[in-house]
Structures are given as structure tokens and as C-alpha cells.
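Read left to right, the sequence shown gives residues -21 to -1, 1 to 300 (mature numbering (1 follows the signal peptide of the UniProt record, and there is no 0)).
All residues carry an ideal CB built from backbone N, CA and C; glycine is no exception.
What follows is a short report on a single structure.
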Amino acid sequence: MQRRHLLAGAAGAIVARPALAQGAWPNRTIRMIVPYTPGAATDAMARLAAQKLQEKLGVTVVVENRPGANGAVGSQAVLQSPADGYTIMGSASIHPMARHVMKAAPYDPVADFIPVARTARGPLVLVMNPRLPQATIPEVVEAAKREPSKWTFATSSLGAAGHLGSIEFNRMTGANIEIVGYRGSAPALTDVAAGNAQLMFDPVLATLPMIRGGQLRGLGIATAARTPLAPGLPTLVEAGLPGFEFYSWYGVWAARAVPREIVDRMNAAIVEGMREPAVVERLTGLGFEPVAESVDEAQRFIVADVARNAELLRIANFQPE
């Protein structure tokens, strides 16, 4: 119900607003491309950002889903559009990792794009098929080491936070569980629930409803402290994995060639929107933490995040596909 409320509220982002003075930016519709399918957390967060941009800037902001090629189709559509601030992108933490997970990425996600703003982050939850006999992380690790061929990690996409969390889990536990990439969270979670895969890291938004419904078993959350949304769910730190914290984060990007003054105006609008008490309350209730930072702060974070994640991939001997 809460997730539908977020999506329904964000859907208001396509309602028309009066344009500003002719010649000033913005004075016409802004298009926000989401390089993934509708309905998942990335899409929901993009629609919320679009709604806030519309409210603060006073023009229509439409969301257009352009999935394909691990996000490359939508990303290229942004770069191929005029760099005038009327075509932007709503995506997630996987976007800056494109060159590390795609063998021939047609763009540089850090050099060719500028982060308008990060909007929120959500911790990952480790879930498993509920029909398996193991009930704790030590039991899972012991079973996976004993019979590795019977265990698989599903992940929404290669390079996504869940993929990186799976790599770190293997590294810290000494397990060697195969990681299989899917085309989005929904089919991956469905396979875990059906028993075609055994484990998965995915954000709270998607996993908690399935845990509560008995479709998945929650093993732990990748945060320093337990979440009030599921106080019975232990942290992975409690399970013996010190410092294990992984979040999927979401943001808005523009082509690097877009004038900085336009990017800064969009940033101010999004930051103001994400600080609204109603938005903070809504996101907190869904397991997200709003992020409100400047363009420069977002850029510094992304550079550090990419470096950390690239090192994880290197240690795991991951080969781009």
C-alpha cells in the first residue's frame, strides 16, 4: 500500500504547469528518461524527483522509460539530445558503473554526465528462498561451502548494488556462490521465491513486503543498526560481517554539456523537495533515507563510490560482458 502511494503520488509529475517567461529556462516541458522498466525503485524515485522539479520550477516534467542494454539505451538518448536542460535522466547507483560492467560501454558515465542531485538511498536486505532449511547466515555459508553447486545469488543487474553486495558477501565469508544477473529486480526476486535461485540482495522497498508475505525469508540487512521497519531483522554486522553496509542510491543526471547554471537550478529544486517533511516521512516509511546535497558533493561521492566498487569487481576478477 505504501509503495503504491509513492508511485501514485509521483505520477502527478505529468500534470501540466504554467510555463515561465518566454526565453528563460525552463519555459517548456522537461523530459526525464529512466533507462529501466516502470514499477521498480529506480522508476519510483525518478518520478518523485520529477514531481518535485515540476512543483519547484513550474513546468511540466514527463517521465519516459527507455530500458535496454543494461541502461545504455536510455543513457545514450540523454546524450544524443540537445544539451539544453530539457532532457535529463533518473537512474540509480548502477549508472556510474557502466564502463566497469559493460565490455564496450558507448559512453563514460562519469565524464559524459553530471549528477544533478542524489535523491535517496535504501539499504539492501539479504533474502533467501523460504523453503530452504537454513535460517541464519552462518548456516547458509556452511551449506554453500559444502555444496556450492546448489547455491546461486540472483541480482537485478550486473554492477548494481545487489551484485556488489553479493561479491562482498562471498569475499568476507569465503563462500563462492555463483552470481547471476537478471533484467531487473522483479524477475530476480520471483526466481528466488520460486527456488530457481537461492539468495539475493535487494532494497527494502521490494524485499520487506515479500518477507512479510512469506514469499521470502529475510536473513539480514546491510546497515550498521537494525531498521525500525523490521526490528526483528538482524544486521549482517551482527551475523559476523564487520562493516558490511550496502545501499542502493538514486539520482538525477544531465549531460555534462548542459550549462552549470541550469544544473544548479535543478539541484536546488530537488534538494528543496527532498527536504520537505512529507517527503522525508514518506521515504522513511518505505525504508529510504533522503539525500540532499550539492552538485559538487554528489560528484565527489560518485567518484569515491565508483573507485570502491571497481576495486570490488577487480578483487572478484569480474569480467565485463
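Here's a check: name, in chain order, each residue in its chain whose Cβ is nearer than 6 Å to the Cβ of residue 146, leaving out the five neighbours to either side. 291, 295
Excluding five sequence neighbours on each side, which residues of the same chain lie with their C-beta closer than 8 Å to the C-beta of residue 311? In this structure the chain extends from -21 to 300, so residue 311 is not present and cannot be described.
In this structure, what does DSSP give as the bridge partners for residue 179? 106, 133
What first and last residue would you give for the alpha helix (DSSP H) that runs through residue 164? 164 to 173
Backbone CA spacing between residue 94 and residue 265 [nearest angstrom]: 24 Å
Whose CA, out of 196, 154, 184, lies closest to the CA of residue 171? 196
Terminal residues of the alpha helix (DSSP H) in which residue 27 lies: 20 to 36
Just reading off the beta strand (DSSP E) that residue 233 is part of, what are its end residues? 226 to 234
Just curious, the beta strand (DSSP E) that residue 41 is in, first and last residue? 40 to 44
Which listed residue (154, 163, 157) has its alpha carbon closest to that of residue 139: 163
I'd like the list of long-range same chain contacts for residue 113, defined as Cβ closer than 6 Å, with 5 residues on each side in sequence excluded. 119, 122
Would you list the one or two residues that DSSP bridges to residue 197? 106
For residue 13, tell me which candidate among 33, 23, 4, 6 has the shortest Cα-Cα distance. 23
Please classify residue 10: does DSSP put it in a helix, a strand, or coil? strand
Measure the CB-CB distance between residue 144 and residue 201 and report whether it falls below 8 Å. yes
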